[in-house]
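J.: Let me give you the structure first, and then I'll get to my questions.
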Amino acid sequence: MTLKNRTALIIGGGAGLGRAIALAYAREGAKLAVADLTAATAQETLTLAGRTADGLALAMNIAQPAEIRAGIRAVTERFGSLDIMVNCAAICLVDPLLEVTPERWDQVFNVNARGAFFCMTAAAKVMLPKKFGRILTISTPATRLAVANFATYGASKAAVDSFTRSCAAAWAPYGITVNTIVPGRMTGGMVDALDRDLAKLTGQDLAALTASRTQSLPMQRRVDPAEVANAAVWLASDAAAYVTAERFNFTGGMELG
Ligand SMILES: NC(=O)c1ccc[n+]([C@@H]2O[C@H](COP(=O)([O-])OP(=O)(O)OC[C@H]3O[C@@H](n4cnc5c(N)ncnc54)[C@H](O)[C@@H]3O)[C@@H](O)[C@H]2O)c1
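In the working numbering, the protein residues as written are 6 to 262.
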């Protein structure tokens, strides 16, 4: 068990990739806190992980900095430490460029960029005095590939790419590694909703659009979040102690060109 006795907080752990990472961390022996917009979905993850008795489920909206601070405080009060913080919480809004409003821009950035940043600094404040920590952010191929209609999402995640590296530089002397995982197009979760929104926007048949967005991938299949979770286990383990500031692609070659 590579994460035995480590305390891990998975934010956005009530669904999708966050849930898959929480389940993988539970298998690796980590003490588990799961946060999401509602405590109910976080609790469901703990139940699936067999951690109803000793896990911590938190309601946390990362668009609200005070909720982030309260959540981190609750984790340290419960477990006495915070060793690993993974932030999977994000939203993706499909908007034609000319229809992006300042409100829609702020909605995406307040979660994906500002929220992600303050999760990192709140966690680091606990980790710095202990001179140990693992922080994982989640980015997307959309920061490098031009994708029509979700510019706000790509731009907000480009900010994540950037401050992941800044934080890695700042905290490397303190034994804290900071890396970002880039999943390819995953099964379920956010991409299902995205396919529906894109089909509606472009007037395409949903099944045809979904099939074409799968067949166009180099591996001609979408990736299971459980596969991506393997990277999150390794990057949080002692084996990856000397790995920091990396943009770890789990995209099946999506960025090949
Ligand atoms: N799905 C993909 O194919 C894909 C590809 C590349 C990157 N990503 C990234 O992977 C991560 C996980 O994606 P997913 O498909 O599992 O998404 P998902 O929508 O299934 O899960 C995201 C979770 O975050 C939570 N969340 C949303 N806003 C929040 C907020 N303000 N505060 C707290 N929690 C909030 C949601 O309730 C949900 O449980 C995201 O960062 C996403 O940008 C996803």
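The C-beta atom is built at its ideal place from N, Cα and C for all residues, glycine as well. Nothing here was measured: the structure is a model prediction, and the numbers come from that model.
1. Considering only heavy atoms of ligand 1, does any lie closer than 7 Å to the CB of C97?
2. Drop a sphere of 10 angstroms on the beta-carbon of P101, count the other beta-carbons inside from all chains shown, and report buried for 16 or more, exposed for fewer.
3. If we ignore side chains and look at the alpha-carbon of each, how far apart do D243 and L42 end up?
4. Can you tell me which of the three DSSP states T126 falls into?
5. Going by C-alpha to C-alpha distance, which of A250, G138, F137 sits closest to A174?
6. Compute the minimum distance between the beta carbon of D41 and the heavy atoms of ligand 3, and state whether it is under 7 Å.
7. Nearer than 7 Å: is that true of the beta carbon of A128 relative to any heavy atom of ligand 1?
8. Quick one, which of V187, I186, L214, T185 has its alpha-carbon nearest A198's?
9. Is the separation between the beta-carbon of P188 and that of F255 shorter than 8 Å?
10. I need the DSSP call for A13, collapsed to helix, strand or coil.
11. Start and end of the alpha helix (DSSP H) containing D229?
12. Output the distance between the C-alpha atoms of T106 and G258, rounded to the nearest integer angstrom.
13. Return no unless some Cβ of chain C is closer than 8 Å to the Cβ of G159.
14. Just to confirm the assignment, what range does the beta strand (DSSP E) spanning G180 have?
15. According to the Cβ coordinates, are T148 and L98 closer than 8 Å?
16. If we ignore side chains and look at the alpha-carbon of each, how far apart do R56 and Y179 end up?
17. Give a single yes or no on whether A245 has its beta carbon closer than 7 Å to a heavy atom of ligand 1.
18. Can you tell me which of the three DSSP states N154 falls into?
19. Smallest Cα separation from A151: which of E260, G21, G23, L28?
20. Can the beta-carbon of L240 be found less than 8 Å from the beta-carbon of R190?
T.: Considering the structure as presented:
1. Here residue 97 refers to the residue found at position 92 of the sequence shown. Yes; taking the cut-off as 7 Å, the Cβ of C97 has a heavy atom of ligand 1 nearer than that.
2. Translated into the one-based positions of the sequence shown, residue 101 becomes position 96. Under this definition P101 is an exposed residue.
3. As a working mapping, residue 243 is identified with position 238 in the sequence shown. As a working mapping, residue 42 is identified with position 37 in the sequence shown. Going by the C-alpha atoms only, they are around 30 Å apart.
4. For this step, residue 126 is matched to residue 121 along the sequence shown. In this structure, T126 counts as helix in the three-state DSSP scheme.
5. Counting from one through the sequence shown, the residue named residue 174 turns up at place 169. Of A250, G138, F137, the residue nearest in Cα terms is A250.
6. Only ligand 1 can be found as ligands here, which leaves ligand 3 out of the picture.
7. The residue labelled residue 128 in the question sits at position 123 within the sequence shown. Closer than 7 Å to some heavy atom of ligand 1: that does not describe the Cβ of A128.
8. To locate residue 198, count along the sequence shown from 1; it is residue 193. Ranking the options by Cα distance to A198, first place goes to L214.
9. Here residue 188 refers to the residue found at position 183 when the sequence shown is read from its first residue. Here residue 255 refers to the residue found at position 250 when the sequence shown is read from its first residue. Between P188 and F255, the CB-CB gap stays under 8 Å.
10. By one-based count along the sequence shown, residue 13 stands at place 8. Residue state, collapsed to three classes: strand.
11. Within the sequence shown, numbered from 1, the residue matching residue 229 stands at position 224. From DSSP, D229 is part of no alpha helix (DSSP H); its letter is neither H nor E.
12. The sequence position of residue 106 within the sequence shown is 101, counting from 1. The sequence position of residue 258 within the sequence shown is 253, counting from 1. G258 has its alpha-carbon roughly 33 Å from the corresponding atom of T106.
13. In summary, chain C is missing from the structure at hand, where a single protein chain is found.
14. Stepping through the sequence shown from its first residue, residue 180 is reached at position 175. Counted as a single uninterrupted DSSP element, the stretch harbouring G180 is not any beta strand (DSSP E), since DSSP gives it neither H nor E.
15. For the purposes of this step, residue 148 is taken as residue 143 along the sequence shown, with counting starting at 1. For the purposes of this step, residue 98 is taken as residue 93 along the sequence shown, with counting starting at 1. No, Cβ-Cβ distance for T148 and L98 is not below 8 Å.
16. Your numbering for residue 56 matches position 51 in the sequence shown. Your numbering for residue 179 matches position 174 in the sequence shown. Looking at the two C-alpha atoms, the distance is approximately 31 Å.
17. Position 240 of the sequence shown, counting from 1, holds the residue named residue 245. Not so, every heavy atom of ligand 1 lies at least 7 Å from the Cβ.
18. The residue given as residue 154 occupies position 149 in the sequence shown. In this structure, N154 counts as coil in the three-state DSSP scheme.
19. For the purposes of this step, residue 151 is identified with residue 146 of the sequence shown, where counting begins at 1. Restricting attention to E260, G21, G23, L28, the CA atom closest to the CA of A151 is found in E260.
20. Your numbering for residue 240 matches position 235 in the sequence shown. Your numbering for residue 190 matches position 185 in the sequence shown. Result no, Cβ atoms of L240 and R190 do not sit closer than 8 Å.
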